[in-house]
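Note sheet for the following structure.
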Amino acid sequence: MKKSIYSICGMCTVRCPIRVETENNRVTWIEGNPHLLGGALCAKGSAASALLEDSERPQQPLIRVGARGAGRWRKATWDEALDYVADKLATIKKEYGPESVVLSSRGGPWQNMSKAFIHAFGSPNYTNHDSTCGRNTHHASLSVNGVGRKGFAYDIKNAKHLVLFGRNMFSSLRIAENLQTLDMLDNGGRLTYVDVRQTMTGVKATRFFQVRPGTDYALALGVINGVIKKGYYDKDFIDRYVSGFDELCSFIEQYTPAWAAAECGVKEKDINGFIEEIGEDRPHVIFHPGWNLARYKDSFYASRALHVLNILMGNIEQKGGLFIPKGAGDCGVKGIRSIDFPKPDIKRGDGVGWKYTHFDKGPGLAHLFFANMIDQDPYPIKAWIAMRHDLFSCMPDPEKQKQALDQCDLLVSIDIHYSEFGWYSDVILPESTFLERDTPICQQKGLKPRLAVRRKAVEPRFDSKASWEIYKGLADRLGLTQYFPFATIEELWAWQLEPTGLTIEDFEEKGFVELTDAPVYYDGEKLAGQFKTPTGRLELVSNKLDGVGLESLKPYVSAMAPPKGMFRLICGRSAVHTHGHTTNNPLLSELMATNTLWINAHKARRMGVEDGDLVEVASENRSYCATLAAKVTTHIHPEAVYTVHGFGKDIPAQTRNFQAGVSDQKLMIGKLDDWDEAGGGVNLNETFVLVRKSLRNPKRRVEL
Ligand SMILES: Nc1nc2c(c(=O)[nH]1)N[C@H]1C(S)=C(S)[C@@H](COP(=O)(O)OP(=O)(O)OC[C@H]3O[C@@H](n4cnc5c(=O)[nH]c(N)nc54)[C@H](O)[C@@H]3O)O[C@H]1N2
Ligand SMILES: Nc1nc2c(c(=O)[nH]1)N[C@H]1C(S)=C(S)[C@@H](COP(=O)(O)OP(=O)(O)OC[C@H]3O[C@@H](n4cnc5c(=O)[nH]c(N)nc54)[C@H](O)[C@@H]3O)O[C@H]1N2
Ligand code: SF4
Ligand SMILES: [Mo]
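Our numbering puts the first residue of the sequence shown at 9, with every later residue one more than the last.
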């Protein structure tokens with residue numbers, strides 16, 4: 009029988025809306041939801057059918073029988089595995105208190121259930137991946153705007169100029185954003201791209217700055233200087249809504265475009281040309297802070313500088329600018345209910361909220377649990393449940409992580425694959441893939457907010473379960489049933505929708521329900537009260553930062569040059585892979601089976617390395633080394649080498665990506681403790697590596 013189902017892609021966490029066709033319980037076609045994406049989908053989304061059929065994923069619950077990481081498992085029924093986990097959790101709770109259990113998950117629209125579970129269990133220690141992703145940007149936004157990085161969205165389609173600092177959007181995809189950017193370019197908009205190497209985004213840009221690694225803050229300061237000197241800012245907006253402008257003006261005095269050009273290794277005339285362009289295009293200019301702004305020790309300040317530039321452009325709630333995402337209340341309708349449980353009033357184990365008071369308490373900072381685990385300070389951590397989170401490919405230095413995790417009595421992986429963490433854990437609870445499961449309904453905020461739901465397209469191939477069933481199964485065993493008061497997903501949907509007057513059938517026509525017909529903008533003249541800072545104004549100087557001894561306007565410190573004979577390690581994405589979890593996908597591994605090491609052509613020549621030669625790349629202390637092919641190119645700064653994240657996996661059950669290429673996080677020795685106390689992010693890009701030509705290169709034949 010043929011079926012057509014609207015759902016939400018799960019091949020990465022962008023969660024694009026999709027339409028899936030099935031025949032006799034097999035997927036025959038996947039496309040972007042035609043009502044929202046005109047059918048567009050990326051290669052990863054299309055490869056979801058290969059994920060479904062992949063037998064190199066866990067097929068039933070597994071309980072470890074050998075040593076951690078030895079790969080010896082006992083197959084278990086769901087009842088056995090859930091009983092096992094629940095019993096262990098109950099014992100740990102009794103002996104060490106509920107706070108000794110950490111649960112990490114991927115955040116996003118369905119995080120409530122993970123949070124509710126761990127909070128109802130009694131622990132405040134919910135965390136996620138973000139300290140290696142967007143935390144610097146998030147905290148930078150919080151300090152200036154009073155809202156985090158999701159507190160603004162971007163009206164790219166209507167912009168005249170989009171400025172991207174290390175936001176390689178045509179490889180690190182979000183389909184809706186990509187389509188909007190292409191529309192903007194078609195409408196004559198400009199795209200400025202800043203990176204240490206040329207990329208898919210750079211080649212589409214109207215202006216490209218190839219900067220020295222770690223100098224974005226300098227470039228942003230130089231641009232702020234030019235914008236202020238030329239008067240290309242919105243004076244009225246600043247008078248009304250902004251504080252700290254005079255301090256900014258005196259601080260910026262020394263950071264001229266000429267200075268920035270020298271620091272970043274770009275031409276002064278190009279910076280001045282860019283300043284003229286944004287002067288013309290404002291307020292329809294967007295400085296997109298992306299996620300990471302790359303991950304350097306001053307990324308928090310670089311990101312703050314981009315938020316400042318947005319403010320100078322006066323682009324908030326302007327067409328083609330930044331807007332505050334709207335929800336049900338803004339459309340005059342009632343929102344959905346979500347499973348929720350208040351956070352227990354206990355100190356977090358990562359120190360966020362009491363030791364580090366300027367950070368968002370929400371998910372805390374995952375990397376800070378490790379040192380505390382070893383020191384048992386403020387209390388022992390005895391269990392870690394990782395739900396859609398691979399600690400070892402997410403955070404640096406897996407060997408160091410293992411030493412800390414060995415203090416735990418229970419490690420649980422709720423995953424669709426064997427993740428590197430899962431392979432080391434005690435129990436694997438296999439979740440059904442996104443094509444095989446339903447999810448709760450979620451609200452997607454925006455100019456036209458909507459409700460959306462992921463629907464099961466086919467029955468599970470293996471003995472797996474949806475996460476709502478897994479949490480419910482654990483909750484029932486731990487005496488927490490009252491907080492998960494539903495037996496089926498239909499009951500949960502009905503409970504969620506009750507205040508809205510909608511039913512699940514309302515989602516069938518398009519896969520979502522829009523809460524408004526027309527985009528909702530706030531009146532740009534009446535924004536007072538919208539900014540959640542302590543003063544209610546956008547704060548260029550923050551008393552909160554001052555209060556914890558951090559400067560708001562931090563003098564620039566030049567990025568460190570690599571030690572002699574070494575390179576700075578830069579990592580990023582490929583358009584055909586999602587982090588570490590698609591590199592074993594039968595189709596995607598064919599498209600890209602391994603990563604390579606980008607190396608600057610002049611440097612390579614001096615090392616006798618030609619394009620395609622094997623090179624060895626080793627961590628600073630030489631404890632980890634991998635051999636892979638060099639991609640020799642002039643399109644990367646000579647101080648850096650670059651590789652795609654997600655390879656160098658060591659899981660024998662996954663044969664397609666086993667030991668293929670290099671693992672960037674295994675090269676990041678000691679980086680678990682190298683993080684930005686202002687922004688909270690791990691300084692992934694402050695890693696230096698050794699590179700040499702491999703002795704394993706085949707001998708070249710002499711051309712006769
Ligand atoms: N295909 C695909 N798409 C994805 C993902 C995926 O795994 N695969 N993941 C999603 C996620 S979780 C995220 S966070 C986003 C990430 O989206 P992006 O942040 O756009 O992605 P990255 O590839 O990490 O981009 C980092 C870029 O920063 C550059 N860079 C390094 N150092 C510097 C520097 O000093 N200055 C500047 N200006 N640039 C520098 C790198 O060369 C690289 O091109 O992508 C999302 N989209
Ligand atoms: N060295 C280095 N470290 C990095 C980065 C880097 O570029 N270099 N990038 C950083 C960034 S931006 C991010 S966002 C993080 C990402 O770090 P993670 O969030 O840990 O990475 P992912 O690979 O996206 O997914 C984690 C796990 O989710 C599983 N999974 C996928 N789909 C499902 C599902 O439907 N259900 C369940 N239960 N599990 C699922 C995958 O199999 C995988 O094991 O890594 C960060 N760490
Ligand atoms: S970007 Fe690609 S993989 Fe990610 S959700 Fe969208 S279609 Fe799926
Ligand atoms: Mo990310």
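Cβ atoms here follow ideal geometry from the backbone N, Cα and C, with glycine treated the same way. Owing to the predicted nature of the structure, the values given are computational and were not obtained by experimental measurement.
Short of 6 Å from the beta carbon of K611, and not among the five residues preceding or following it, lie these beta carbons of its own chain, in chain order: P646. Pairwise C-beta distances place the region 482 to 492 out of contact with the region 82 to 89, as fewer than three of them are shorter than 8 Å. Fewer than three Cβ pairs drawn from the region 52 to 62 and the region 186 to 197 lie within less than 8 Å of each other, which leaves the two stretches out of contact. In the pairwise beta carbon analysis, the region 680 to 690 is classified as not touching the region 614 to 634: fewer than three pairs are separated by under 8 Å. For D191, the uninterrupted alpha helix (DSSP H) run begins and ends at I183 to D194, by DSSP. Checking the DSSP bridge columns, you'll see N608 partnered with T641.
Pairing A128 with S112, the inter-Cα distance amounts to about 15 Å.
The three-state secondary structure of D423, taken from DSSP, is strand.
Taken through DSSP and simplified to helix, strand or coil, H366 comes out as coil. For R485, the enclosing alpha helix (DSSP H) has its first and last residue at S475 to R485. Cβ-Cβ distances below 6 Å link E325 to F331, Y529, Y530 and G532 in the same chain, with the five nearest sequence neighbours on each side left out; the list follows chain order.
Cβ neighbours of R248 within its own chain (closer than 6 Å, five residues either side excluded): none. Comparing C-alpha distances from N705 to each of Q673, A637, T641 and Q667 shows the shortest one belongs to A637. For L170, the enclosing beta strand (DSSP E) starts and ends at H169 to F173. The Cβ-Cβ distance between G359 and I389 does not fall below 8 Å. Residue state for I38 is assigned as strand, using DSSP reduced to three classes. At a Cβ-Cβ threshold of 8 Å, F539 and A648 do not count as neighbours. Ordered by chain, the residues meeting the criterion of a beta-carbon within less than 7 Å of a non-hydrogen atom of ligand 4 are H137, C141, G142 and W299.
For V528, no pairing in a beta bridge is given by DSSP. Shortest gap from the CB of M121 to any heavy atom of ligand 1: 7 Å or more. Per the DSSP secondary-structure output, Y201 pairs in a beta bridge with L172 and F216. Each residue's CA atom was taken as its position, placing R469 and I183 some 28 Å apart.
Residue burial is scored here from C-beta neighbours: G669 has at least 16 other C-beta atoms within 10 angstroms and is therefore classed as buried.
Residue side-chain check: Y387 keeps its Cβ at 7 Å or more from all non-hydrogen atoms of ligand 1. Excluding five sequence positions before and after D417, the CB atoms of its chain that fall closer than 7 Å to its own CB belong to K96, I100, K390 and A391, given in chain order. The C-beta distance from A502 to S15 rounds to 19 Å, too long to meet the 8 Å contact threshold. The three-state reading of DSSP puts V625 in strand, counting E and B together. Counting along the chain, S57 sits inside the alpha helix (DSSP H) bounded by residues A56 to E61. Collapsing the DSSP output to three states places C257 in a helix. When secondary structure is reduced to three states using DSSP, Q452 falls in the strand class. Around the C-beta of W362, fewer than 16 other C-beta atoms lie within 10 Å, and the residue is accordingly described as exposed.
Under the three-state reduction of DSSP output, I578 falls in the strand class. For the pair I260 and L229, the CB atoms are nearer than the 8 Å cut-off. Around G53, the same chain offers C17, M19, C24, I26 and I38 as residues with beta carbons nearer than 7 Å, after the five sequence neighbours per side are excluded. With a cutoff of 8 Å on beta-carbon distance, P371 and G115 are scored as near each other. If you check the C-beta of V202 against ligand 1, you find a heavy atom less than 7 Å away.
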